[in-house]
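FYI, UniProt numbering numbers position 63 of the sequence shown as 63, with every residue one higher than the one before it.
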Amino acid sequence: MFNPPKFSGILNSIIKEKSEKSGDDSEARDLIAEDSQPKVNRKFTTFSEHPLFQKISTMRTLAKTFHVEDPFFRQHELLTGAMTRIDGRDYINYSSYNYLGLNNSKEVNEAVIKAVETHGTSVGASRLVAGERPFQRTLEKKLAEVYQAEDAVVFVSGHATNISVISTLFGAKDLIIYDALVHNSIIEGIKLSGSAHFPYLHNDCTSLENLLKKNRQNYERVLVVTEGLFSMDGDVPDLPELIRLKKKYGCFLMIDEAHSLGVLGKTGRGVYEYYGVNPNDVDLWMGTLSKTLASCGGYIAGSQDIIDILKYNAPGFVFSVGMSAPMAAAAETSLSLMLENPERVERLQKNGRLFLETARSFNLNTGKSIGYSVVPIITGSSRKAVWLSAAMFKEGVNVQPIIHPAVEEQQARLRFFITSEHTKEQIVKTCEILSSLCKNEGI
Ligand SMILES: Cc1ncc(COP(=O)(O)O)c(C=O)c1O
Numbered sequence: 001m002f003n004p005p006k007f008s009g010i011l012n013s014i015i016k017e018k019s020e021k022s023g024d025d026s027e028a029r030d031l032i033a034e035d036s037q038p039k040v041n042r043k044f045t046t047f048s049e050h051p052l053f054q055k056i057s058t059m060r061t062l063a064k065t066f067h068v069e070d071p072f073f074r075q076h077e078l079l080t081g082a083m084t085r086i087d088g089r090d091y092i093n094y095s096s097y098n099y100l101g102l103n104n105s106k107e108v109n110e111a112v113i114k115a116v117e118t119h120g121t122s123v124g125a126s127r128l129v130a131g132e133r134p135f136q137r138t139l140e141k142k143l144a145e146v147y148q149a150e151d152a153v154v155f156v157s158g159h160a161t162n163i164s165v166i167s168t169l170f171g172a173k174d175l176i177i178y179d180a181l182v183h184n185s186i187i188e189g190i191k192l193s194g195s196a197h198f199p200y201l202h203n204d205c206t207s208l209e210n211l212l213k214k215n216r217q218n219y220e221r222v223l224v225v226t227e228g229l230f231s232m233d234g235d236v237p238d239l240p241e242l243i244r245l246k247k248k249y250g251c252f253l254m255i256d257e258a259h260s261l262g263v264l265g266k267t268g269r270g271v272y273e274y275y276g277v278n279p280n281d282v283d284l285w286m287g288t289l290s291k292t293l294a295s296c297g298g299y300i301a302g303s304q305d306i307i308d309i310l311k312y313n314a315p316g317f318v319f320s321v322g323m324s325a326p327m328a329a330a331a332e333t334s335l336s337l338m339l340e341n342p343e344r345v346e347r348l349q350k351n352g353r354l355f356l357e358t359a360r361s362f363n364l365n366t367g368k369s370i371g372y373s374v375v376p377i378i379t380g381s382s383r384k385a386v387w388l389s390a391a392m393f394k395e396g397v398n399v400q401p402i403i404h405p406a407v408e409e410q411q412a413r414l415r416f417f418i419t420s421e422h423t424k425e426q427i428v429k430t431c432e433i434l435s436s437l438c439k440n441e442g443i
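Right, dumping it as structure tokens:
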């Protein structure tokens, strides 16, 4: 058993030492002064002095000192699903969003090959410039049907979808109220919108209502935005209550379904199916093609008005290349497979429950997870999370640590993505290894 290195104190002292050093540099040495040129501090002319780079280089020094392997950017040699191969060794894998095991399925691959043979690999320009292709509208219509919406539009990136859509639809006179734990892409979109914004306590509708009571009348449009299944914690919002509040206060409601499509509800239609509510009570259904749908990109489903505004105005659509044939074919075929094979969804849900129940039976801290596709194991510190991830890797299990600042320091964790393809044996074995490592290290 190797001991978790106690490097947080040392990390701080190295960072301090480095910053003192860069501060020490005499102004005279740092200034580039040529006759008629302005004086520029040399550290602002190179990225090796950028604080973000300095942080990375400190982490690397530290990792080397304590012989901790960098858990990020590992090279996977084959398809990643319930198993993966890294450096010639096979691992049980929990770092893939391939929730329904559709990536590399025969049907998806055949559809992609056919699409490439007909349309090539790129559409070359924005759809506004280059025109439409049949596969884009086919996918959009199918997505709209899932949400019983008037229409849908696809973007080439899920992250860019949130940024572009939120910042296009909302502006300086508007207010955005968001769950405190929403994904970075939503936060970036909110910042770019220039709207006033407040977080409400995670999944706490009382906190949301208090903010609405106090602020609704001071703004024009008000958006409430949250996730259908939280990617870090694996819990779900109270959608019926969110719908009640949005109606009561005259707001728009946006739900990011990145981790719910294919996961929640009997047929994988997501959080509205999970609760049995009318999907038309949500104004903006956002989702990604990169998870269950084995592709790349994002989408919005909603009213025709919203889709028209976005197609003529959202920068991530208007000024970005249209979706390519292979990506659209992969997503469309995956969506059909999801709808035609609810047993895949059922398998995933069974696996999620099994993971949660087994982990809890070993007294592991699974946080707020309700046991679908995302189950965290809270370690309580970034150092322990990095150590536990390295120790699991040695035991043949690949799972990523989530550390500060992605989550609060006490909320550092390992995050397990469960798929329909994991076996009972893999899940039980993983929990046994976890339990024994955590027990030995007091986690
Ligand atoms: C909740 C959520 N929204 C949006 C995104 C961005 O999606 P993509 O990775 O497809 O760009 C992610 C990515 O993981 C996510 O977790």
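Where a beta carbon is used, it is the ideal one built from N, C-alpha and C, also for glycine.
Remember, predicted model here, so these are calculated numbers, not experimental data.
Residue i Cβ short of 7 Å to ligand 1 heavy atom set
i      : result
Thr226 : no
Thr288 : yes
Asn162 : yes
Gly276 : no
Ser381 : no
Asp256 : yes
Gly234 : no
His183 : yes
Ser334 : no
Gly250 : no
Ser157 : yes
His197 : no
Ser303 : no
His67  : no
His259 : yes
Gly270 : no
Ser231 : yes
Gly298 : yes
Own chain partners of residue i with C-beta closer than 6 Å, once the 5 adjacent residues on each side are dropped
i      : result
Ala130 : Val123 and Gly124
Leu78  : Arg85
Cys251 : Val222 and Val224
Leu212 : Tyr249
Ser164 : Ala314, Pro315 and Gly316
Ile418 : Asn351, Gly352, Phe355 and Ser373
Ser260 : Gly228, Leu229, Gly270 and Val271
His197 : Ile176 and Ile190
Tyr299 : Leu143, Ala152, Val154 and Gly287
Same chain only: Cβ atoms within 7 Å of residue i, ignoring 5 sequence neighbours per side
i      : result
Tyr372 : Leu229, Gly234, Val263, Leu264, Gln349 and Gly352
Phe170 : Ile176, Ser193, Ser195, Arg221 and Leu223
His404 : Ser382 and Ala412
Glu257 : Gly228, Gly270, Val271, Trp285, Met286 and Gly287
Lys247 : none
Which listed residue (the options) has its alpha carbon closest to that of residue i
i      : options                           : result
Ser334 : Ser295, Arg360, Ser320 and Gly316 : Ser295
Ile307 : Ala144, Asn104, Ala115 and Thr121 : Ala144
Trp285 : Leu239, Pro315 and Ala385         : Leu239
Met428 : Val236, Leu356, Glu140 and Ile403 : Per the sequence shown, residue 428 should be read as Val rather than Met. Among Val236, Leu356, Glu140 and Ile403, the Cα nearest to that of Val428 is on Leu356.
Glu346 : His422, Arg413, Glu140 and Cys438 : His422
Asn218 : Gly442, Leu261, Ala172 and Ala180 : Ala172
Lys439 : Asp305, Ile370, Ile255 and Lys384 : Lys384
Leu201 : Glu188, Gly189, Ile187 and Val182 : Val182
Val375 : Met232, Ser303 and Met254         : Met232
Gly287 : Lys311, Ala331 and Gln304         : Ala331
Val68  : Val386, Gly302, Thr358 and Tyr274 : Val386
Lys394 : Thr226, Leu437, Ile378 and Ser36  : Leu437
Glu188 : His50, Met338 and Thr161          : Thr161
Leu242 : Lys214, Leu261, Asp204 and Val112 : Asp204
Ser336 : Gly396, Gly88 and Val108          : Val108
Ser167 : Gly442, Ile309, Gly380 and Arg344 : Ile309
Leu289 : Leu52, Phe44 and Tyr97            : Tyr97
Pro237 : Asp283, Thr58, Ala180 and Lys214  : Ala180
His76  : Thr206, Arg89, Phe66 and Thr65    : Arg89
Gly297 : Glu408, Ser320 and Asp283         : Ser320
Beta-carbon proximity list for residue i, same chain, < 8 Å, skipping 5 on both sides
i      : result
Asn398 : Arg74, Thr84, Ile86, Tyr91, Ile92, Asn93, Tyr94, Ser95 and Met392
Gln304 : Glu150 and Asp151
Lys114 : Ala329
Phe416 : Tyr94, Phe355, Val374, Val375, Pro376, Ile377, Val399 and Thr430
Arg216 : Leu175, Val222, Tyr249, Gly250 and Cys251
4 or more residues per run - each alpha helix (DSSP H) lying fully within the stretch 391 to 441: Counting only runs that start and end inside the stretch 391 to 441, the alpha helix (DSSP H) elements of at least 4 residues fall at 424 to 441.
Scan the stretch 109 to 170 and note each continuous alpha helix (DSSP H) run of 4 residues or more that stays entirely inside, going in chain order. 127 to 130, 134 to 146 and 158 to 169
Please confirm if the stretch 135 to 149 is in contact with the stretch 265 to 281, defined as three or more CB-CB distances below 8 Å between the two stretches. yes
Residue ranges of each alpha helix (DSSP H) run of no fewer than 4 residues wholly in the stretch 281 to 343, ordered along the chain? 304 to 313, 315 to 318 and 325 to 340
Are the stretch 362 to 372 and the stretch 322 to 330 touching by the rule of at least three beta carbon pairs closer than 8 Å? no
Are the stretch 109 to 128 and the stretch 254 to 274 touching by the rule of at least three beta carbon pairs closer than 8 Å? no
Contact between the stretch 155 to 165 and the stretch 133 to 143 is defined here as three or more beta-carbon pairs at a separation below 8 Å; is this criterion met? no
Please give the ranges of any beta strand (DSSP E) in the stretch 215 to 264, keeping only runs that are unbroken, at least 3 residues long and fully inside the region. 222 to 227 and 252 to 256
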